[in-house]
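Which chain is which? The protein sequence lines are A and B, in order.
Everything in the first sequence is counted per the numbering used here, starting at 6 for the first residue and increasing by one.
Everything in the second sequence is counted per the numbering used here, starting at 1273 for the first residue and increasing by one.
The beta-carbon is built from N, C-alpha and C at its ideal position, and this holds for glycine as well.
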Amino acid sequence: MDNSTKKNKKIDISSGILSVLASLICIIIGLLVGLVILYCINSENALDGFSRILKGGFYLKPKGIGTVLAQTAPLIMTGLSVAFAFKTGLFNIGAAGQYTLGALGALYFALVLKMPWFVCLLAAMLFGALWGAIPGIFKAYFNVNEVITAIMFNWIGLYAVNEIIYKGVIGDMYDMKTTKTYTLRSTSPSSMIPDMGLNNLFKTKSTTIAIFIAIIIAIVVYIVINKTTFGYELKACGHNKEAARYAGINDKKNIVLSMTIAGALSGIGAGLYYLSGVAEWNPQVSTALPAMGFNGIPVALLALSNPIGVIFAALFVSHITVGGGYLPTKYFQPEIADVIIAVIIYLCAFVMLFKGMVLEAIANKKKKKDAQTQTSDMGKGAAE
Amino acid sequence: MENNDYIIEMLNITKEFPGIKANDNVTLQLRKGEIHALLGENGAGKSTLMSILFGLYQPTSGVIKKNGKEVKINNPNDANDLNIGMVHQHFKLVECFSVLDNIILGIEPAKGLFLSKKGAREKVAALSDKYGLKVDPDALVSDITVGMQQRTEILKMLYRDNEILIFDEPTAVLTPQEIEELMKIMKNLAREGKSILFITHKLNEIMEVSDRCTILRKGKYIGTVNIKDTTKEELSKMMVGRDVNFKVDKKPAKPGETVLKIENMTVPSKMHKNNAVKNVSFNVRRGEIVCIAGIDGNGQTEFVHALTGLEKMTEGKIIFDGKDITDASIRERSKSGMSHIPEDRHKHGLVLDYTLEQNMVLQRYWDDEFQKNGFIKQSAVRKYSQRLIEQYDVRSGQGPITIARSMSGGNQQKAIIAREIDKNPDLLVAVQPTRGLDVGAIEYIHSQLVAQRDKGKAVLLVSLELDEVMNVSDRILVMYEGEIVGQLDPDKTTVEELGLYMAGAKREKVPAQVN
Ligand SMILES: Nc1ncnc2c1ncn2[C@@H]1O[C@H](COP(=O)(O)OP(=O)(O)O)[C@@H](O)[C@H]1O
Ligand SMILES: [Mg+2]
């Protein structure tokens, strides 16, 4: 019995390693395609550009690293948001809208109510949760596909938030001079997430403990999904709704809860971003949904929906995005980094396929080895 | 015997899956024109062996020969090129296509860019005449009976001029009449020179149609026998490795107090406008096995769903242990002592992507035994499932952490039965608990049901199998078109009489309350 549990562990670990391997294959192929694109655009400077992307934040130490960390925190959250919903068999394409609502919550509590940062973060969470709950309710009680509702609520959310901020519906947040919301630093410093000296360390303005908050939440999400009865119920619903019902699990409640939590995670993401003062909301140019929300999807895919994996996937995506920003604009558009990420994202859809291929390759190798030992055994037998 | 007498030979086939040798040095030789049965317990490796022949799996070692020449079958297309066809246990038909379209799918005859179905239609009609395979070529697959779907699958093979026909548990899904018909068809096919590999658990069927039988046990080859020279008893002994008792051992029932009281239950149908269950009333007492018999689709499924809370009933009352549970949730019913072995183990009984141990606690994960403050006690779950696995002999590749999907049907069913019985219920609702299982497993499950009864539990068995109904139950209620049309005593009735009630040819007024 002891022996079998040991064997079990080994299998668990190797499956984990496989997932990492598959994700790495995606990344490498994505990077190679990026290199080819760089070559096509400007072959002379391709290698230089490529190395800048690879170096990412490290290209401009230490500031770049600080920037990467500041970008990673919200991305972890939206990645978690999508991954969490995936576990329940739901596709949360609404992370962008929930993120937008989270931004409104954070900015309103900070700029108008001048609340301390953690209150603002909670507000961001609640606003996001509300926006996640709506598609969940539609799905559970009216059987409307969550993707459709979430996409609609993305846009409803975006335009509503723009209007509310621009017109000052719930208070004065909009600065005519900059055409953005007021900066937190000058208007309500106590609403800023503390930096604990990180800004000094990285010589940046917006590297705060947000990254640690995000990592802690990722660990909490991991524990909730894998170690609790709640996670057990959620995953059961995701895998087989009928069996979950048979087991007395309230599937409708779980769908709503799952989307609500996914929304809350996205909302926190926005809070971490805006309360760190990385940027201000610009209601006039924000006519596209925040990319941070959509990038949660590839992050979740790349991580195979594993919350711990999400941390690393988000770090990586931020890393090359920031690196893309350092491309010499004379030769390259910084969007080239987006192209590479896009390629990686497309490949993410194949992560599972790669995993299968790796598995097969290993099996083949083992087979060959077995065959060899078998023949040598047979040889031995004959000799005897 | 000359080698070239064999149309197909599978020699020394070994197939390994993670943690298990599904086939371990198995040899199977098929003669031209014979019906060759493949017998083995659930999980013995029969489907795996046939999947290898059909190119779905590659053997770890071993060779396949056709007409004495070694062949490589890398995929089902290769198999088709070698004239090997297979009817899977779960049919692989396109529901929204017509029968004809399904038959010609993949090799559609074309004139230029256009489909030319006329020739195909004639060929199908000819085949269907020749072998007595009645189908309606223009009906949609989703509208036809399971039997006709199976005939469609058979026509699919014949249309492709397949010579070697593999039937993987073809009778598991059929009614007795349809089985009868299939047996005839198979004999016809063999007479016309087709070679047939026939997987089944039902020894009667093997004795009736096959010429020879190869037996597997736990992946290993046990032997090949001529049916003429053998008996049912010998076959089952070879399969299980011990003597099997066909008659269920049980003493007369000693019914006690009433556990379940159903009053005027009416349940609407999802398929049509009429009610699926109409005004059904009866009681089940401690210490008795009450069996609801009937042909599939006469409201049994809806009845059980309403009883266990999966579906709402529109009228009536359910009293369980003296409490009205008509509006209770599924969880409440389960907590108050109702266990449910569901009809469809893949849809309801298991989360196939969960591990075996996760499935073992599916009805109890919320219990204090397995969780504390919302955290699952992993070691308790492991220990519990290991106990159930041992006690109920659930076989799998990797023990508690085996993914349920990779387990054989019989062992999946055993896992469910272990889980539901171990809950120590007052009422055990078992719906077709032995569907698709081998005689060893059936014997075991029947003895478990009787043991529950003897412990003073109430057992409500829903079954389509006449043998099961007659052997296991203490009281039979026949359901026809959503109504209870007869109450029979298994000791005083015959299979023929039961059949008349099931077919709706006979009915009596059943007293609502039996105490
Ligand atoms: N794809 C698979 N992966 C892992 N194990 C499998 C797979 N298919 C079958 N098995 C295992 O191989 C054994 C034989 O299964 P199967 O051939 O389906 O049995 P049978 O058809 O005789 O009931 C079972 O223990 C089953 O769990
Ligand atoms: Mg099988």
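How about residue i and residue j: do their beta carbons lie closer than 8 Å?
i: E1753 (chain B); j: G1771 (chain B); result: no
i: Y331 (chain A); j: Y64 (chain A); result: yes
i: V1298 (chain B); j: Y1493 (chain B); result: yes
i: E1450 (chain B); j: N1355 (chain B); result: no
i: I1279 (chain B); j: K1338 (chain B); result: yes
i: L116 (chain A); j: M178 (chain A); result: yes
i: E1692 (chain B); j: L1699 (chain B); result: no
i: I1426 (chain B); j: L1405 (chain B); result: yes
i: A223 (chain A); j: P79 (chain A); result: no
i: I1688 (chain B); j: R1747 (chain B); result: no
i: G1491 (chain B); j: D1296 (chain B); result: yes
i: G1682 (chain B); j: N1314 (chain B); result: yes
i: K1686 (chain B); j: Y1656 (chain B); result: no
i: S271 (chain A); j: G137 (chain A); result: yes
i: G1357 (chain B); j: I1438 (chain B); result: yes
i: G35 (chain A); j: V327 (chain A); result: no
Any heavy atom of ligand 1 inside 7 Å of the beta-carbon of residue i?
i: P1290 (chain B); result: yes
i: R1725 (chain B); result: no
i: R1489 (chain B); result: no
i: S1668 (chain B); result: yes
i: M1679 (chain B); result: yes
i: A1795 (chain B); result: Because chain B is modelled from 1273 through 1787, residue 1795 (chain B) falls outside the range shown and cannot be assessed.
Kindly identify the DSSP beta-bridge partner or partners of residue i.
i: S1611 (chain B); result: B:L1700
i: L1412 (chain B); result: B:S1370
i: P1540 (chain B); result: B:N1547
i: N1343 (chain B); result: Inspection of the sequence shows that residue 1343 (chain B) is occupied by Val rather than by Asn. Bridge partners of V1343 (chain B): B:I1336.
i: I1471 (chain B); result: B:L1310, B:D1440
i: G1758 (chain B); result: B:V1750
i: Q1449 (chain B); result: DSSP lists no partner for Q1449 (chain B).
Ligand 2 heavy atoms versus the CB of residue i: any closer than 7 Å?
i: E1313 (chain B); result: no
i: K1318 (chain B); result: yes
i: Q103 (chain A); result: no
i: Q1361 (chain B); result: yes
i: E1477 (chain B); result: no
i: E151 (chain A); result: no
i: D1440 (chain B); result: yes
Alpha carbon to alpha carbon, how far is residue i from residue j?
i: T1496 (chain B); j: G1312 (chain B); result: 12 Å
i: D343 (chain A); j: L1300 (chain B); result: 58 Å
i: T91 (chain A); j: Y237 (chain A); result: Checking the sequence shown, residue 91 (chain A) turns out to be Phe, not Thr. Near 14 Å, if we compare the C-alpha coordinates of Y237 (chain A) and F91 (chain A).
i: Q1658 (chain B); j: G1671 (chain B); result: 8 Å
i: T10 (chain A); j: E1615 (chain B); result: With a pLDDT of 44 at T10 (chain A), under the threshold of 50, the predicted position of this residue should be treated as unreliable, though the coordinate-derived value follows. One C-alpha to the other measures close to 33 Å.
i: L277 (chain A); j: G329 (chain A); result: 23 Å
i: L126 (chain A); j: M120 (chain A); result: 10 Å
i: V87 (chain A); j: I139 (chain A); result: 16 Å
i: I16 (chain A); j: V1750 (chain B); result: Confidence at I16 (chain A) is low in this model, with a pLDDT of 48, below 50, so the placement of that residue should be treated as unreliable; the coordinate-derived value is given next. Approximately 50 Å, taken between the alpha carbons.
i: L95 (chain A); j: L163 (chain A); result: 22 Å
i: P1697 (chain B); j: F359 (chain A); result: 46 Å
i: G69 (chain A); j: Q76 (chain A); result: 11 Å
i: C1368 (chain B); j: M1458 (chain B); result: 28 Å
i: K1287 (chain B); j: G1646 (chain B); result: 42 Å
i: Q1684 (chain B); j: I230 (chain A); result: 25 Å
i: G84 (chain A); j: V1562 (chain B); result: 53 Å
i: A1578 (chain B); j: V1734 (chain B); result: 14 Å
i: N1475 (chain B); j: L1507 (chain B); result: Here the sequence assigns Leu to residue 1475 (chain B), which means Asn is not the residue at that position. Computed Cα separation, rounded: 8 Å.
i: V124 (chain A); j: G274 (chain A); result: 14 Å
Of all the options the options, which has the alpha carbon lying nearest to the alpha carbon of residue i?
i: T72 (chain A); options: A:I325, A:S20, A:F114; result: A:I325
i: R190 (chain A); options: A:A305, A:W122, A:L85, A:A347; result: A:W122
i: I32 (chain A); options: A:N231, A:Q338, A:L59, A:D53; result: A:L59
i: G133 (chain A); options: A:K144, A:I341, A:M157, A:A101; result: A:A101
i: E1480 (chain B); options: B:E1453, B:P1524, B:N1284, B:R1779; result: B:E1453
i: G1609 (chain B); options: B:K1644, B:V1623, B:I1591, B:S1678; result: B:I1591
i: V1539 (chain B); options: B:L1488, B:V1576, B:I1324; result: B:V1576
i: L294 (chain A); options: A:T105, A:P67, A:I34; result: A:T105
i: N97 (chain A); options: A:G110, A:A269, A:T188; result: A:A269
i: N1498 (chain B); options: B:K1584, B:A1309, B:I1336; result: B:A1309
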